[in-house]
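Colleague: To convert, take the position in the sequence shown, counting from 1, and add 2; that gives the numbering used here. Even glycine gets a Cβ: it sits at the ideal position worked out from N, Cα and C. Just so it is clear, the structure is predicted and the values come from calculations on it, not from any experiment.
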Amino acid sequence: MTTMLQGEKHAEKAGAQHHHAAHGDGHGEHNRIELIFSLACGAFLGIGFWLSFVSGVPRWIILALYVLTYLFGGVFTVREAYHALRKGRFEIDFLMLFAAVGAAILGAWAEGGLLLFLFSLGHALEHYAMNRARQAITALSDLAPDDAILLEDGVQKEVQISDLKVGDTILVKPNSKIPADGVVREGSSEVNQAPITGESIPVGKVPAVGGQVFSSFDEVPKASQVYTGTINGAQALEVEVLRVGRGSTLARLIRLVQESETQQSPTQQFAKKFEKYFVPAVLILVLLLMFAFVVLEEPFSKSFYRAMAVLVASSPCALAISTPSAILAGVARAARAGLLVKGGKPLENLGIVRAIAFDKTGTLTRGRPQLTYAIPHAGVDPAKLLRTAIAVESLSDHPLAEAIVAGCREELGDAPVGEATGLEAITARGVKASFEGEVVHIGNRRLFEELDYWPIPGDLEETLIKLESEGNTSMIVHSGDLFLGILGVMDIARPEAKVTLERLKELEIAHMVMLTGDHQNVADAVAASIGITEPQGSLLPEDKVTTIDNLLKRHGKVAMVGDGVNDAPAMVRSTVGIAMGAAGSDVALETADVALLGDHLSRLPFAIQLSRQTRRIIKQNLLISLGMVAILIPLTILGIAEIGPAVIGHEGSTLVVVLNALRLLGFKGEE
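1. Based on the DSSP output, what are the partners of Gln162 in its beta bridges?
2. My parser needs the beta strand (DSSP E) runs of 3 or more residues fully inside the region 513-588; what are they?
3. Count the other C-beta atoms from every protein chain shown that fall within 10 angstroms of the C-beta of Leu388, then say buried if there are 16 or more, exposed otherwise.
4. Going by beta carbon distance, what residues of the same chain come within less than 7 Å of Ser627, once the five residues before and after it are set aside?
5. In the DSSP assignment, what residue or residues form a beta bridge with Val243?
6. Alpha carbons only, please: which of Gly482, Gly487 and Gly44 is nearest the one belonging to Glu463?
7. In angstroms, rounded to a whole number, what distance separates the CA positions of Phe100 and Ile511?
8. Taking 6 Å as the limit between beta carbons, can you name the residues of its chain near Met630, skipping five residues before and five after?
9. So Val185 packs on Val241, CB below 8 Å; how close in whole Å?
10. From this set, Ile63, Leu517 and Tyr72, which residue's C-alpha is nearest Glu536's C-alpha?
11. Just to confirm, is the Cβ distance from Val649 to Leu120 under 8 Å?
12. Alpha carbon to alpha carbon, what distance is there between Arg338 and Leu666?
13. Quick check on DSSP: helix, strand or coil for Lys298?
14. So does the region 567-578 actually touch the region 348-364, counting three or more Cβ pairs closer than 8 Å?
15. Go through its chain and collect everything with a Cβ distance to Leu506's Cβ below 8 Å, but skip five positions before and after it.
16. Roughly how many angstroms lie between the CA atoms of His443 and Pro223, to the nearest whole one?
17. Just curious, the alpha helix (DSSP H) that Ser471 is in, first and last residue?
18. Starting from the N-terminal side, write out each stretch of the alpha helix (DSSP H) that is 4 residues or longer and does not extend beyond the region 193-235.
19. Taking all protein chains shown into account, do 16 or more other C-beta atoms lie within 10 angstroms of the C-beta of Ala24, making it buried, or fewer, making it exposed?
20. Whole angstroms is fine: what's the gap from Ser471's alpha carbon to Arg370's?
21. Please look up how many angstroms separate the CB atoms of Gly445 and Ile428, rounded, as I've assumed it's under 8 Å.
22. Which word fits Asn177, buried or exposed, when buried means at least 16 other C-beta atoms lie within 10 angstroms of its C-beta?
23. Among the candidates Ile354, Glu221, Ala422 and Pro378, whose CA atom is the shortest distance from the CA of Glu438?
24. Taking a contact to mean a Cβ-Cβ separation below 8 Å, would you say Gly75 touches Ile64 in this structure?
25. By how many angstroms is the C-alpha of Val56 removed from the C-alpha of Pro647?
26. Which word fits Pro348, buried or exposed, when buried means at least 16 other C-beta atoms lie within 10 angstroms of its C-beta?
27. At a cut of 8 Å, does the region 104-115 reach the region 300-318 through at least three beta carbon pairs?
28. What are the partner residues of Gly445, as DSSP defines its beta bridges?
29. Tell me where the beta strand (DSSP E) around Thr502 begins and ends.
30. By the three-class DSSP mapping on this structure, what secondary structure does Lys275 have?
31. Could you give the uninterrupted runs of the alpha helix (DSSP H) lying entirely in the region 34-108, keeping only those of 4 residues or more?
32. Just to confirm, are Arg496 and Leu352 a CB contact at a threshold of 8 Å?
33. Among the residues of its own chain, which have a CB less than 7 Å from the CB of Leu70, if the five just before and after it don't count?
34. Could you have a look at Lys179 and say whether DSSP puts it in helix, strand or coil?
35. According to DSSP, which residues form a beta bridge with Val343?
36. Alpha carbon to alpha carbon, what distance is there between Asp383 and Val394?
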């Protein structure tokens with residue numbers, strides 16, 4: 003037979019929850035007041051404008067309404083302009099106030115009021131867009147529960163999560179939130195990890211094998227890991243706490259989201275530089291136009307009015323908010339899809355990469371060995387091979403032994419096995435034990451050469467050579483005087499790897515390469531199964547960096563996808579570093595520009611699509627904002643457009659770019 007098995011409660015609830023409660027709620031209240039003031043400004047403007055056409059209404063009433071328009075429309079603008087001036091900066095808010103006051107001096111109260119109304123409404127909508135995007139991400143801070151059930155000598159005690167310590171055992175009741183990162187010690191259940199990893203279906207969790215002690219959370223098998231804020235299913239779990247407070251997955255995600263808001267994209271940096279030189283240039287132009295009456299035969303009032311119209315037309319308000327609103331909306335949309343994008347730079351760059359380098363282990367493969375073959379020697383009962391392997395390897399805590407036991411048990415089903423005794427590990431060669439009255443050896447070619455059992459039977463040697471050429475770690479099973487067969491173990495490709503690579507090719511990723519420290523035979527075998535045409539094996543970390551450098555020379559923009567540990571140098575060197583399994587790896591979160599939180603390679607095409615859509619919207623916003631300025635400035639200088647049309651055109655473009663950016667929150671792609 004041939005078988006092929008292919009917080010602190012508030013500490014980190016988290017320096018996180020408290021920070022965002024103070025911050026997020028404060029932002030929300032501020033935004034509501036700003037919007038109310040803006041609408042009040044519009045209401046007073048509308049009433050005053052309507053009364054100006056009603057005969058018999060005293061002029062002072064209309065003027066009072068316009069003053070109220072200025073008051074409600076200008077209060078936030080004055081505050082922001084004041085803070086900017088204190089820092090020695092002349093920004094857009096100052097230009098808006100200057101233009102509004104100038105219009106009032108000319109008696110154009112309605113035009114000045116319209117300017118302030120649309121400007122304040124644009125600001126309110128901008129802040130709404132920013133706040134909505136932030137809330138889509140920082141809702142993470144509400145995931146952690148306030149309390150936990152601590153188990154001490156079998157006694158249940160309710161404590162705050164800030165009181166938990168590493169090593170504590172907690173009880174997680176059915177359908178409740180998990181209060182800390184840890185390892186399952188008792189019980190099996192389905193856990194909804196969507197809030198942290200974005201996985202669409204619950205994930206089965208089982209106790210760690212044999213009460214194994216782990217020095218770090220990263221060492222825990224995925225099937226036994228649980229994260230803060232995820233939701234337990236129908237069965238109770240006993241969990242040993244391994245990370246609390248600022249070290250928890252949830253707290254680290256929120257901190258990195260906060261950091262991402264401060265990392266500006268190339269387009270944001272361009273907009274800042276543009277404003278730095280453009281605003282002073284506008285002020286100089288406006289001052290010159292104010293004295294046009296000296297050269298032209300016109301009254302000062304006309305020159306002043308023209309200067310104010312140019313001031314309104316040239317203010318780059320839409321430019322200032324077009325990029326950050328799109329970036330933050332894109333980051334928020336990515337977070338909802340289980341992608342952590344650390345700022346605007348990687349969000350923009352990901353869409354223009356033309357080559358991607360993949361680490362093999364844990365990225366294109368599952369990252370853990372799996373039994374691929376159990377091939378009995380001629381005439382041997384397949385069940386005897388499986389029972390012997392299970393009995394002996396179940397005594398070992400080696401990762402290969404765990405894979406063999408799991409795979410053989412799956413094949414054997416519920417059939418009884420029996421117990422082996424006297425396990426002896428033979429370093430770098432295999433194991434020895436007693437089973438059913440016979441001495442059993444399970445090990446590699448070197449072990450059997452040293453035992454003088456070589457040469458092995460011809461059919462087994464052919465099988466051994468074949469499996470090794472395909473990249474399998476192969477082990478011979480021998481009991482008493484009989485060869486039972488050969489076991490093949492290999493870290494096999496992820497089920498989604500092949501489809502993901504095909505989709506990336508459709509997205510015109512020109513070059514994809516696989517990098518691994520494994521032997522070239524292993525690299526070739528994995529590459530052949532998933533469609534990678536350039537596997538590179540036997541690489542040290544510095545060799546991976548060299549490969550990235552070569553790809554950068556050939557393609558300009560390169561992404562590196564890895565686990566964030568031994569791949570960290572290459573990820574840092576690449577244009578965009580992408581981490582797999584970031585929910586469990588400290589190094590991945592710290593090193594990567596983008597993290598696939600659910601450990602799902604299949605989300606990479608969506609990330610690239612989202613990046614490209616973000617870039618398209620940013621370009622649209624830049625075209626709208628700069629195009630409007632380019633059109634209005636000549637029209638106002640020539641006197642073709644007055645303050646009213648300039649206000650509508652300028653502030654209208656501001657509203658358009660904000661609403662355009664918000665479209666990213668609904669981006670579908672191929673999530």
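Modeller: This is what the structure gives:
1. For Gln162, which the question treats as bridged, DSSP gives the partners Asp149.
2. Listed in chain order, they are 513-517, 560-564 and 578-582.
3. buried
4. Pro318, Ala320, Leu321, Ser324, Ser655 and Val659
5. Gly184
6. Gly487
7. 50 Å
8. Gly651 and Ser655
9. The pair is a contact, with the Cβ atoms about 7 Å apart (cut-off 8 Å).
10. Leu517
11. yes
12. Spanning the two alpha carbons is a distance of roughly 12 Å.
13. Before going further, note that residue 298 is Leu rather than Lys in the sequence given. DSSP places Leu298 in coil when its eight states are reduced to three.
14. yes
15. Ile358, Met514, Leu606, Pro607 and Ile610
16. 27 Å
17. Gly460 to Ser471
18. 196-199
19. A caution first: Ala24 carries a pLDDT of 37, below 50, which makes its placement in the model unreliable, though a value can still be read off. Its Cβ having fewer than 16 others within 10 Å, Ala24 is exposed.
20. 19 Å
21. 6 Å
22. exposed
23. Ala422
24. no
25. 24 Å
26. Buried.
27. Flag = yes, the region 104-115 and the region 300-318 touch.
28. Gly432 and Ile478
29. Element bounds for Thr502: not the beta strand (DSSP E) but the alpha helix (DSSP H), Ala499 to Glu508.
30. helix
31. 61-88 and 94-107
32. no
33. Phe46, listed in sequence order.
34. strand
35. Val596
36. 17 Å
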